[in-house]
Amino acid sequence: MASSDVVINPGAAKRLGEFLTSTEARAIADRLADGDTLTTALKAVASGRRTTIRSLVEAVGGPGSELISVLRAVEGARSAPTTLDPRWTMPGHLAQGGALTSSVPHLVDNARQSITCSTFNFQRSSALWTALRQAALRPELTVRVYLDSTAADEQPTSWSPTTNEVAAQLRPGTVLRTKDFDGVHVRNHAKFLAIDHRFLLVTSANFSWSAEQRNIEFGVFIDNPNLTEAVESELLRVEDVLYERVQAPSGRVVG
4 MASSDVVINP
14 GAAKRLGEFL
24 TSTEARAIAD
34 RLADGDTLTT
44 ALKAVASGRR
54 TTIRSLVEAV
64 GGPGSELISV
74 LRAVEGARSA
84 PTTLDPRWTM
94 PGHLAQGGAL
104 TSSVPHLVDN
114 ARQSITCSTF
124 NFQRSSALWT
134 ALRQAALRPE
144 LTVRVYLDST
154 AADEQPTSWS
164 PTTNEVAAQL
174 RPGTVLRTKD
184 FDGVHVRNHA
194 KFLAIDHRFL
204 LVTSANFSWS
214 AEQRNIEFGV
224 FIDNPNLTEA
234 VESELLRVED
244 VLYERVQAPS
254 GRVVG
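Per my numbering, the sequence shown starts with residue 4, numbered consecutively.
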């Protein structure tokens, strides 16, 4: 069959486009265009994603030139401009460059599809404690939270909830806590908030009143779907190895 007669599998191409980031599509296409084999080209992406990408690429069908065209189309469709905005906490609201960390609950309130957050610990004094509870009750939203189990469970206090209490507060959302890996307990120090697979806040702040109002904290708010999805996918990829799901206890929500 001539190359011009080759029919690309549109369903497979669509699935490939949904799975790849713009950066991944460009990197694979560039290597294939340089004459690399698919195995070599896939070294441009994270090892944990290669098997799935290979199966999707092979399902697309077509010779190298046709596949490269599909990858270029994915690259263009998935590309998006990146906007950056600083987020500060300073005593007395002295910060003048960008919005304040205390504005973060508004991001949660305005979510339309999903919220993923990772933090060292929670305090009930945090405005996010209430905002996330309200978000978890919205049926159109999925809420996923990653916590450090040592910080939350070893020395619980009246203002610092345990992982079980967080799970109760955010029911029916998903709460995960760190567990042992190779005999050593993992610490969850990644602090970010991802909204609608598009907006990403990376910050030094924990979820507490002091971090939102009194400390000197700094973060960056990023509008980039590719980066946000990549961050969420990375934690999902290692979730079964580094985390365990917290089963929300029955009974009243601990506010």
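Every residue gets a Cβ at the ideal spot worked out from N, C-alpha and C, and that includes glycine.
(request) Using 10 angstroms around the beta-carbon of residue 28, count the other beta-carbons present and answer buried if the total reaches 16, otherwise exposed. (result) buried
(message) Between 157, 241, 92, 193, which has its C-alpha nearest residue 184's C-alpha?
(response) 241
(message) Assess contact between the region 161 to 180 and the region 128 to 140, defined as three or more Cβ pairs (one per stretch) separated by less than 8 Å. Is contact present?
(response) yes
(message) So, for residue 51: in the same chain, excluding its five sequence neighbours on each side, which residues have a beta-carbon less than 6 Å away from its beta-carbon?
(response) 240
(message) What ranges does the alpha helix (DSSP H) occupy inside the region 198 to 257, keeping only unbroken runs of at least 4 residues that lie completely in it?
(response) 212 to 216, 228 to 245
(message) With H, G and I counted as helix, E and B as strand and the rest as coil, what does DSSP make of residue 173?
(response) coil
(message) What does DSSP give as the partner residue(s) for residue 261 in the beta ladder?
(response) In the structure displayed, the chain extends from 4 to 258; residue 261 sits before or after that span and is not available.
(request) Measuring alpha carbon to alpha carbon, tell me which of 111, 76, 180, 54 ends up nearest residue 129. (result) 111
(request) Return the CA-CA distance between residue 58 and residue 206, expressed in angstroms with no decimal places. (result) 36 Å
(request) Identify every residue that forms a DSSP beta bridge with residue 117. (result) 145
(message) Give me the DSSP bridge partner(s) of residue 178.
(response) 148
(request) Measure from the alpha carbon of residue 228 to the alpha carbon of each residue in 146, 83, 159, 95, then state which is nearest. (result) 83
(message) Alpha carbons only, please: which of 120, 68, 249, 89 is nearest the one belonging to residue 236?
(response) 120
(message) What does the alpha-carbon distance come out to for the pair residue 126 and residue 212?
(response) 7 Å
(message) Please report the straight-line C-alpha distance between residue 190 and residue 13, rounded to a whole angstrom.
(response) 43 Å
(request) Kindly list the residues whose CB is nearer than 6 Å to the CB of residue 1, restricted to its own chain and excluding five residues on each side of it in sequence; keep chain order. (result) Nothing can be reported for residue 1, as the shown portion of the chain is limited to 4 through 258.
(request) Report the rounded CA-to-CA distance for residue 17 versus residue 34, giving the unit in angstroms. (result) 21 Å
(message) Considering just the uninterrupted stretch of the beta strand (DSSP E) at residue 97, what are its terminal residues?
(response) Segment: none, residue 97 is in no beta strand (DSSP E) and carries neither H nor E.
(request) With residue 51 as the anchor, note down where its alpha helix (DSSP H) starts and where it stops. (result) 50 to 63
(message) Short of 7 Å in beta carbon distance, which residues of its chain neighbour residue 122, apart from the five on each side in sequence? Order them along the chain.
(response) 150, 194, 209, 210
(request) Return the first residue and the last residue of the alpha helix (DSSP H) that residue 69 is part of. (result) 67 to 81
(message) Contact defined as beta carbons within less than 8 Å: I believe residue 73 pairs with residue 11. What is the distance between those atoms, to the nearest angstrom?
(response) 6 Å
(message) Residues in the same chain with beta-carbon distance under 7 Å from residue 45, minus the five sequence neighbours each way, listed in chain order, please.
(response) 31, 53, 56, 57
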